[in-house]
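>
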Amino acid sequence: MIFPVSTRNITSGMVLGRDIILDSGRILIKKGTILTNEHINSLINLASQDIYIISGTDKLLPIDEDCQEKFCSRQKIIGELLHAFDKTECALTQMPVTRIVGINKGNSPLMESIADTAHIINMVKNRSESTYRHCVKVGAIAAIIGSWLGYDNEEVGNLMLAGLLHDIGKAIIPLEILNKPSKLNGEEMCTMRRHSAFSYKYLSEIKSMPNSIKVGVLQHHERLNGSGYPLGLNTEDIHDFSKIIAIADIYDAITSDRVYRPRMAHTAALKIIQDETYEGKLDPWIGRVFLEKATG
Ligand SMILES: [Fe+2]
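With our numbering, letter number 88 in the sequence shown gets 88, and the count goes up by one each step, no holes.
1) Distance, Cα to Cα, I238 vs Y278?
2) Let me know the secondary structure DSSP gives E276 once reduced to three states.
3) At the level of alpha carbons, what is the spacing between E187 and N9?
4) At a threshold of 7 angstroms, does S196 count as lining ligand 1 (C-beta to nearest heavy atom)?
5) In the segment 210-292, which residue ranges form an unbroken beta strand (DSSP E) of at least 3 residues, counting only runs that do not cross its ends?
6) My understanding is that I141 touches G163, with C-beta atoms under 8 angstroms, so please give their C-beta distance in whole angstroms.
7) Assign P284 to buried or exposed, taking buried as 16 or more other Cβ atoms, counted over all protein chains shown, within 10 Å of its Cβ.
8) Cα separation between I121 and A171?
9) Between R193 and the rest of its own chain, which residues show a CB-CB distance below 6 angstroms, the 5 nearest in sequence each way excluded?
10) Taking 7 angstroms as the cut-off, is the beta-carbon of D249 closer than that to any non-hydrogen atom of ligand 1?
11) What is the C-beta distance between L28 and I34, in whole angstroms, given that I count them as a contact (C-beta under 8 angstroms)?
12) Answer yes or no: the CB of H220 versus the heavy atoms of ligand 1, is any distance below 7 angstroms?
13) Taking only the alpha-carbon atoms, compute the straight-line gap between L43 and G280 and give it to the nearest angstrom.
14) Does the Cβ of T93 have 16 or more other Cβ atoms within 10 Å, making it buried, or fewer, making it exposed?
15) Locate the beta strand (DSSP E) running through L175, then write down its first and last residues.
16) Just checking H266 against ligand 1 - is the residue's beta carbon closer than 7 angstroms to any of the ligand's heavy atoms?
17) Taking 8 angstroms as the threshold, find out whether the segment 216-224 comes into contact with the segment 241-256 through three or more Cβ pairs.
18) Look at I250 and I286 and say whether their C-beta atoms are less than 8 angstroms apart.
19) Span of the beta strand (DSSP E) holding I206?
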């Protein structure tokens, strides 16, 4: 976990969780630095600035090439899930989904919600196969993270559905923007950024849809430090489902082929998630659990 500490309580050996930046914009000490007495002396004059420290047992995680293999068994679950979805047009109502994430078959509200959204998912699939596959994988990864966090079956089921539905609003984004192989311009970016609100609007029309799923979908591009969209919310106003989906979304986006770039390695995705966690964008606890599990 990363937490703020006043300069008078800093001791040598603590690990810096965020860069310390001077008013001039220059980085005084980089995140991840193990503080020495010399560092502490230089910080005394910065009493008004929050110093963020990684808690005692936390260290920057070693991310090496071997961890990809360790993560493979979890990746197989995602492959199974995609296969289950691909097999039939109305695959959303198939039991493999619930079996894979260990959801009780008797969770009928979830099954009802899944059935109610099957037509939306199929609409996304018909319009953009890559968006559809991304939605399925994010649903699976989010459910896996939820189970790592100790969520019960009902919560894991709702989280999976939120992940599955998080980008359905892209179904109404013009294809020339959705499939553009180069950087989006300002106006196109504005249009693209409306997709989470579109997703929320779709789901609001389904009476059986739990609020946690709707809000989780709406806020999946919000970031803890207020740098996200559509509302620029801060930590306490962002639903935990959104914080989890954000990590699953980044992981899958980085490790999948995109029209504008080829897929990147598992380790590259973990490093980006680690960096964004330390930058205060992603939830430190959820990020920590994900990185620990994903690195074996
Ligand atoms: Fe999104």
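Positions of the beta carbon are idealized from the N, C-alpha and C atoms, including for glycine.
So, from the data block:
1) Roughly 18 angstroms between the two C-alpha positions.
2) E276: helix per DSSP, three-state reduction.
3) If you take the alpha carbons of E187 and N9, they lie about 47 angstroms apart.
4) At least one heavy atom of ligand 1 is nearer than 7 angstroms to the Cβ of S196, so yes.
5) Note on the segment 210-292: there is no whole beta strand (DSSP E) run with a minimum of 3 residues.
6) Indeed they touch by this definition, with Cβ atoms about 7 angstroms apart.
7) Buried: at least 16 other Cβ atoms inside 10 Å.
8) Taking the straight line joining both Cα atoms gives about 9 angstroms.
9) Listed in chain order, the non-local C-beta contacts of R193 below 6 angstroms within the same chain comprise Y229, local neighbours out to five positions each way being set aside.
10) Yes, the beta carbon of D249 sits closer than 7 angstroms to at least one heavy atom of ligand 1.
11) Not quite, the Cβ-Cβ distance comes to about 15 angstroms (not below 8 angstroms), so this is no contact.
12) At least one heavy atom of ligand 1 lies closer than 7 angstroms to the C-beta of H220.
13) It is roughly 21 angstroms from the alpha-carbon of L43 to the alpha-carbon of G280.
14) Confidence at T93 is low in this model, with a pLDDT of 40, below 50, so the placement of that residue should be treated as unreliable; the coordinate-derived value is given next. Classification of T93: exposed, given that the 10 Å Cβ count is below 16.
15) Looking at the DSSP string, L175 is not in any beta strand (DSSP E); the run it does join, the alpha helix (DSSP H), is L175 to L178.
16) Checking the 7 angstroms criterion, the Cβ of H266 is out of range of every heavy atom belonging to ligand 1.
17) In short, these stretches touch, since the Cβ pair count reaches three.
18) I286 sits away from I250, with the two beta carbons spaced by 8 angstroms or more.
19) For I206, no beta strand (DSSP E) encloses it, and the DSSP letter there is neither H nor E.
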